[in-house]
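Residue numbers (my numbering): 461 to 883.
Cβ atoms here follow ideal geometry from the backbone N, Cα and C, with glycine treated the same way.
What follows is a set of notes on a single structure, which appears directly below.
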Amino acid sequence: MIDTRDKILEIAPESLDVAAIRQDFPILDEFENGQKVAYLDNGASSQRPEQVINAMLEYYHKYNANIHRGVYRWSEEATRGYEGAHRKVARFINAYTPREVIFTRNTTESLNLVAYSWGRANIREGDEIVSTVIEHHSNLVPWQVLATEKNAGLRFIPMTKDGQLDLTDLDTIVNEKTKLVTFSHMSNVLGTISPVAAIVKRAKEVGAVVVIDGAQSAPHMPVDVQALGCDFYAFSGHKMLGPTGIGVLWGRRELLEAMPPFITGGDMIRDVTLARSTWNDLPWKFEGGTPSIAEGIGLGAAVDYLTKLGMDKVRQHEIELTAYALEQMAGIPDLTIYGPTDARTRGGIISFNLGDVHPHDLATMLDRDAIAIRAGHHCCQPLIELLEATATTRASFYIYNTPEEVDRLVAALYKARKIFHLD
Ligand code: 7TS
Numbered sequence: 461m462i463d464t465r466d467k468i469l470e471i472a473p474e475s476l477d478v479a480a481i482r483q484d485f486p487i488l489d490e491f492e493n494g495q496k497v498a499y500l501d502n503g504a505s506s507q508r509p510e511q512v513i514n515a516m517l518e519y520y521h522k523y524n525a526n527i528h529r530g531v532y533r534w535s536e537e538a539t540r541g542y543e544g545a546h547r548k549v550a551r552f553i554n555a556y557t558p559r560e561v562i563f564t565r566n567t568t569e570s571l572n573l574v575a576y577s578w579g580r581a582n583i584r585e586g587d588e589i590v591s592t593v594i595e596h597h598s599n600l601v602p603w604q605v606l607a608t609e610k611n612a613g614l615r616f617i618p619m620t621k622d623g624q625l626d627l628t629d630l631d632t633i634v635n636e637k638t639k640l641v642t643f644s645h646m647s648n649v650l651g652t653i654s655p656v657a658a659i660v661k662r663a664k665e666v667g668a669v670v671v672i673d674g675a676q677s678a679p680h681m682p683v684d685v686q687a688l689g690c691d692f693y694a695f696s697g698h699k700m701l702g703p704t705g706i707g708v709l710w711g712r713r714e715l716l717e718a719m720p721p722f723i724t725g726g727d728m729i730r731d732v733t734l735a736r737s738t739w740n741d742l743p744w745k746f747e748g749g750t751p752s753i754a755e756g757i758g759l760g761a762a763v764d765y766l767t768k769l770g771m772d773k774v775r776q777h778e779i780e781l782t783a784y785a786l787e788q789m790a791g792i793p794d795l796t797i798y799g800p801t802d803a804r805t806r807g808g809i810i811s812f813n814l815g816d817v818h819p820h821d822l823a824t825m826l827d828r829d830a831i832a833i834r835a836g837h838h839c840c841q842p843l844i845e846l847l848e849a850t851a852t853t854r855a856s857f858y859i860y861n862t863p864e865e866v867d868r869l870v871a872a873l874y875k876a877r878k879i880f881h882l883d
């Protein structure tokens, strides 16, 4: 093994106090097969700290009620908690105003909201939508459906061999016909961080709207939607210490104001007659029906937790851990690692294959050593095909992961080589 760990541990105190963080996550003390679980599947969903679980429990124990309607204390307190979470999220991503922060169920719903509402009102026959070849299905399928329905074109930014977006032909791919450009801020397979500024610049030259899939970036790096220059930004609570069932769509106010509603019914209206209705103010216009109240409050607590840690430190921790993991894994014979090789240009997500061992077999074997990783196509079938693989095994890190857990992964991979007779 290459000895970079001392260096990593030396830097660690200036970044995150991982030992203290781990105390907030009782689940990380769970044992499996006599070992603590090394949870390395954060790209799929993170764990939640006690602060988040307690915020939700407190709502259920002390002031559970529907929001916006009751004049009694519980309802008022629930409303304050749920609306307060919008303000916390707005500060977290530097939105211009909390009115631009719409709570959805997850990234998938946020992207569908844009495709259904903005897309159906603005995309016409012959227009073009530009995406990339590395997208999660959630940032591909809604645009396919929209393009088919509208008889619009769909074009893709390609990828270089080392898993970066290839901008060589950007000026022809994004052209006068382009009405919408969308891409993931960070790839959930390769960890690639997209060159946002260059893509946004070109999109704006042709007057296109920019949608960023932030499912993998919002949890792991500082995000400033004003600085990014995009028009919509989507992410999920469950990947950033929050509960499932709550996600966010941020959109520029003037666009959101002009868009028709997505889900219609209760709560999103101002006045209703038997013949017609008018819409509520932002963000409620896009939050039809009773929302996920406890989950909204939980997301607010998750944002508090991350804000207190500091997103710069979160990012720094993951750069250090990823650099260490990439160095250790580079020494393993027969291991193919996908994506950029420099940890400073990628997130804490490492996809790999060990010889011709099927990723599911490898993941099952690692599970016996209490290492939880993901195997499969990660909802990115077109990308997996480009990698000329049928699937990959993927380790993805977060604030509570340690160099010791990376060591366990690396040791288990050496062991797997023996068991699958690659020696
Ligand atoms: N976009 C990206 C880049 C993602 O990584 C995911 C989820 C989504 C969109 C969809 O998020 P959801 O919360 O609506 O499901 N990615 C993964 C993953 O990599 N493994 O499981 C889910």
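Exercise. When DSSP labels each residue in this structure, what does Q676 get in the three-state scheme?
Worked result: coil
Problem set entry | Pairwise C-alpha distance: G667 and Y520 | 47 Å
For this session: Could you say which of V593, R580, M789, N599 lies nearest to E609 if we only look at CA atoms?
Result: R580
For this session: Could you name each continuous beta strand (DSSP E) segment of 3 residues or more that falls completely within the segment 588-634, going from the start of the chain to the end?
Result: 588-592, 613-617
Exercise. In chain order, what residues of the same chain lie with their CB nearer than 7 Å to the CB of G756, ignoring the 5 residues before and after it?
Worked result: Y542, A545, F563, I706
Exercise. Should G503 be listed as close to ligand 1, given that the test is whether its C-beta is under 6 Å from any heavy atom?
Worked result: yes
Exercise. Roughly how many whole angstroms lie between the Cα atoms of D484 and D477?
Worked result: 12 Å
Exercise. Which parts of the segment 507-533 are runs of the alpha helix (DSSP H), unbroken and 4 residues or longer, counting only runs that do not cross its ends?
Worked result: 510-522
Exercise. Under the criterion of a Cβ to heavy atom distance below 6 Å, does N838 qualify as lining ligand 1?
Worked result: Per the sequence shown, residue 838 should be read as His rather than Asn. Checking the Cβ of H838 against ligand 1 gives yes.
Exercise. Is T638 closer than 7 Å to F616 when the C-beta atoms are compared?
Worked result: no
Exercise. Quick one: what's got a C-beta closer than 6 Å to K548's C-beta in the same chain, skipping five residues either side?
Worked result: G760, V763
Exercise. From N493, Y874, L650, I594, pick the residue whose C-alpha is nearest to that of T782; which is it?
Worked result: L650
Problem set entry | T796 CB to nearest heavy atom of ligand 1 below 6 Å | no
Exercise. DSSP three-state call for E717: helix, strand or coil?
Worked result: helix
For this session: For R540, write down the residues that DSSP places opposite it in a beta bridge.
Result: According to DSSP, which records beta bridges pairwise, R540 is partnered with nothing at all.
Exercise. Of the residues G808, E845, R868, P863, which one's Cα is nearest the Cα of F857?
Worked result: G808
Problem set entry | Cβ-heavy atom distance, D673 to ligand 1, below 6 Å | yes
Problem set entry | Environment of H680 [buried if 16+ CB atoms lie within 10 Å] | buried
Exercise. Going by beta carbon distance, what residues of the same chain come within less than 7 Å of P602, once the five residues before and after it are set aside?
Worked result: L571, N572, A575
Problem set entry | Spatial distance of S752 from R565 (CA atoms) | 8 Å
Problem set entry | alpha helix (DSSP H) segment containing S570, residue limits | 567-573
Exercise. If we call anything under 7 Å between Cβ atoms a contact, is S884 one with M719?
Worked result: Outside the displayed range of the chain (461 to 883) lies residue 884, so it cannot be described from this structure.
For this session: With hydrogens ignored, establish whether the beta-carbon of S654 is closer than 6 Å to any heavy atom of ligand 1.
Result: no
For this session: Check whether the Cβ of Q676 sits closer than 6 Å to any heavy atom of ligand 2, and report yes or no.
Result: Summarising the ligand content, the structure contains ligand 1 and does not contain ligand 2.
For this session: Run through the segment 809-870 for me and flag every whole beta strand (DSSP E) of 3 or more residues, listed as ranges in chain order.
Result: 809-814, 834-836, 852-856
Exercise. If P721 sits next to F692, beta carbons under 8 Å apart, how far is it from one beta carbon to the other, in whole angstroms?
Worked result: That belief does not hold up - the Cβ atoms of P721 and F692 are roughly 16 Å apart, past 8 Å.
For this session: Starting from Y693, trace the alpha helix (DSSP H) both ways and give me its first and last residue.
Result: Looking at the DSSP string, Y693 is not in any alpha helix (DSSP H); the run it does join, the beta strand (DSSP E), is 692-696.
Problem set entry | Whether T853 touches A872 by CB criterion (7 Å) | no
Exercise. Is N648 near ligand 1, with its Cβ less than 6 Å from a heavy atom?
Worked result: yes
Exercise. Could you check where the beta strand (DSSP E) with L688 kicks off and where it finishes?
Worked result: Run containing L688: none in the beta strand (DSSP E); it sits in the alpha helix (DSSP H), 685-688.
Exercise. In chain order, what residues of the same chain lie with their CB nearer than 8 Å to the CB of L742, ignoring the 5 residues before and after it?
Worked result: R559, E560, I562, R713, L716, E717
Problem set entry | For D731, the first and last residue of its enclosing beta strand (DSSP E) | 729-732
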